[in-house]
Amino acid sequence: MSVVEGARVDAGSGEGEGAEGPVRLDGRLKLVLVVLLVAQFMLAVDFSILNVALPVIGDGLGFSLSNLQWIATSFALCAAGFTLLFGRVADLFGRRRLFLAGLAVLGLSSLAGGLATSPEVLIAARVFQGLATAAVTPAGLSLLTTSFPEGPLRQKALGLNGALMSAGFTTGAILGGVLTDLLSWRWAFFINVPVALAVLFIAPTVIKESRPQSRPKLDLPGATAVTLGLLALIYGLTQAGEHGWGSAGASGWLVAGVVLLVAFYAIESKSAAPLVPVSVLKKKTVAWGNIAGLIAFLTETSLVFLMTLYLQEVLDFSPLTAGLSFGVLGIGTVIGGSIAPRVIAATNTRSTLIIGGVLQAVATLSLIALGETSSSMWLLLIATFVGGIGNMLVIVGFMVTATTGLPDHEQGMATGLATMTQQIGITMGTPIMSAVAAAHIDIHAGITTAVIVNTAIVVVGILTTVLFLRTERSS
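Numbered according to this note's numbering, the sequence shown spans residues 185 to 659.
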């Protein structure tokens, strides 16, 4: 069954590497790639575009200080909590259908958010933006992995996807500051509308529907357990960042999340039609690949938060100037995503994960030398550039590893897992580093300590890859 015209990948053929596919990108495949990458880039921008605008939105719509965090939290809860469920729904009911439906919801909710005149309407818009992200991201990634067979073409596509998603997170921080300063915070919502319309117009003409020939029963108990577990875990993390890791609210939600996720594993081990087969969860490439990805997203996105604090609180930069300072990080991620397929081809995904992790760890650790004057900017720019390259090598290696060796009819599930990993990592990072930095009275000392912790987490990721992950040499 074709996923796109011009790219024949047999969904029932079992392992992806045995699938028949093109050896180079033709014109139609390039258009498919552009459509999917534009959608993923837009979703990545949404994760950070409102960060610098939150105080302005709060003043404009009358948010109380305690409720302001719900603008970000409501989005993160839905984006991470429902991703795995929607990834499986894409497998069962059609990836293109879910991709297009999610984009339509994203466009409408972005329009509603831009027009909002009350906190309630804005929060509702953010909830639907999060749900749309949870649907579009795994559906788009599974269309990407099933459009390109395992090997150089898929690695190139995932490299570009990873680079644009990471660059999108950085671009969101910059774009949010520019739009808020020059126009209005409302344009941080409105900018999604024309992009969503363009993708909705082009995608149906180049992407064909993709679904399995037989539809197994949806695992509702497993879906309920994992969704509630992720919602509890993400909410607990946001409470920890706001009230501290020792607060009763944070620890209670975190424990509830862990219990529900353990229950999910038990349900999946006995289900006749599991949401995620236990055999897949036990697959080393899936398990350890996702751990590497979790650490990559957790550390790099939280480092952006720490450096934002450094630039604004220590060096007294404006939000716009601080945002623009991350342009070199964006350039580094684009370069890293571009060279990652070549590194994988020359070595293998395991070596790429290790090389990228070492680069990121060294670059991050160098930031402990940052001083309290603007003369340290050269170090920050060089370190974030090099760290961006290393982080992107890890992210692309993670995506290739976590989706390799699975049949096409499980790609939505695999990319749902990978997307869930990405979004949990993004959500976890800031509360963890915020709590570490806040433990010090002196903000500069707190940031330095958090940078050391960040580096240590990267090293843990390197060690897990070295000790537990085994992959075959890339063809």
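Note that CB positions come from ideal geometry on N, CA and C, so glycine has one too.
Asked, Found
"For the alpha helix (DSSP H) containing Phe-374, list its first residue and its last residue.", "371 to 374"
"Go through its chain and collect everything with a Cβ distance to Val-527's Cβ below 7 Å, but skip five positions before and after it.", "Thr-536, Ile-539, Leu-577"
"Kindly indicate which residue of Arg-370, Ser-618, Thr-649 has the alpha-carbon position closest to the one of Ser-486.", "Ser-618"
"Just verifying my parser: in three-state terms, what is the DSSP assignment at Ile-646?", "helix"
"Thinking C-alpha only, which one of Leu-221, Val-216, Thr-257 is nearest Leu-234?", "Thr-257"
"Which full runs of the alpha helix (DSSP H) of 4+ residues lie inside the segment 275 to 339, going along the chain?", "279 to 299, 303 to 331"
"Considering Lys-663, what are the terminal residues of the alpha helix (DSSP H) in which it resides?", "Residue 663 falls outside the range modelled here, since the chain spans only 185 to 659, and no answer is possible."
"Enumerate in chain order the residues of its own chain whose CB-to-CB distance from Val-620 is below 8 Å, with the five nearest sequence positions on each side excluded.", "Gly-630, Thr-633, Ala-634, Val-637"
"For Ile-391, does the three-state DSSP call read helix, strand or coil?", "strand"
"Using three-state DSSP, classify Ser-522 as helix, strand or coil.", "helix"
"For Thr-548 and Leu-508, what's the separation of their Cα atoms in angstroms?", "19 Å"
"Tell me the rounded alpha-carbon separation between Gly-360 and Leu-563.", "25 Å"
"Would you mind working out which of Ala-530, Met-491, Ala-380 sits nearest Leu-290, comparing C-alpha positions?", "Ala-380"
"Who are the near neighbours of Thr-269 in its chain, counting only those whose CB is closer than 6 Å to its CB and skipping five residues on each side?", "Rather than Thr, the amino acid found at residue 269 in this sequence is Leu. Closer than 6 Å at the Cβ level, and outside the excluded window around Leu-269, lie Ala-407, Thr-411."
"Go ahead and label Lys-340 buried or exposed: buried means 16 or more other beta carbons lie within 10 angstroms of its beta carbon, across all protein chains shown.", "buried"
"Would the beta-carbon of Phe-266 fall within 8 Å of that of Pro-303?", "no"
"Tell me which same chain residues have a C-beta within less than 6 Å of the C-beta of Phe-481, skipping the five on either side of it?", "Gln-606, Gly-609, Ile-610"
"Could you compute how far the alpha carbon of Pro-206 sits from the alpha carbon of Phe-332?", "Legend: pLDDT at Pro-206 = 49, less than 50; position of this residue unreliable, value from coordinates given subsequently. If I take the Cα positions, the gap works out to 8 Å."
"Could you check the C-alpha separation between Leu-405 and Leu-276 for me, to the nearest Å?", "Note that residue 405 is Pro in the sequence shown here, rather than Leu. Pro-405 and Leu-276: Cα-Cα distance of roughly 16 Å."
"Between the beta-carbon of Val-580 and the beta-carbon of Leu-221, is there less than 8 Å?", "no"
"Might you give, ordered along the chain, the residues of its own chain that have their beta carbon closer than 6 Å to the beta carbon of Val-488, omitting 5 neighbours on each side?", "none"
"Just reading off the alpha helix (DSSP H) that Ser-535 is part of, what are its end residues?", "533 to 549"
"Out of Leu-215, Gly-574, Gly-613, which has the shortest C-alpha to C-alpha gap to Ile-386?", "Leu-215"
"In whole angstroms, what separates the C-alpha of Thr-648 from that of Glu-484?", "18 Å"
"Between which two residues does the alpha helix (DSSP H) holding Ala-450 run?", "432 to 454"
"Distance, Cα to Cα, Phe-374 vs Gly-286?", "17 Å"
"Residues in its own chain within less than 8 Å of Val-462 by CB, not counting five upstream and five downstream?", "Tyr-449, Glu-452, Ser-453"
"Look at the alpha carbon of Gly-645 and the alpha carbon of Asn-575, and state the distance between them as a whole number of angstroms.", "11 Å"
"Report the CB separation of Thr-364 from Ala-372 in whole angstroms; it is logged as a contact under 8 Å.", "7 Å"
"Assign Pro-578 to one of three DSSP states: helix, strand, or coil.", "Sequence check: residue 578 is Val here, not Pro. Here Val-578 sits in helix by DSSP."
"Helix or strand or just coil, what does DSSP make of Leu-234?", "coil"
"Would you report the Cα separation of Leu-651 and Arg-534, rounded to the nearest angstrom?", "11 Å"
"Flag this pair as yes or no: are the beta carbons of Val-321 and Leu-227 separated by less than 8 Å?", "Residue identity check: residue 321 is Thr in the sequence provided, not Val. Closer than 8 Å, so yes."
"Please report the distance separating the alpha-carbon of Ala-195 from that of Asp-626.", "The predicted position of Ala-195 is uncertain, since its pLDDT is 32 and thus under 50; a value taken from the coordinates is nonetheless stated next. So the two alpha carbons sit approximately 57 Å from each other."
"Measure the C-alpha to C-alpha separation of Gly-521 and Phe-569 and round it to an integer number of angstroms.", "13 Å"
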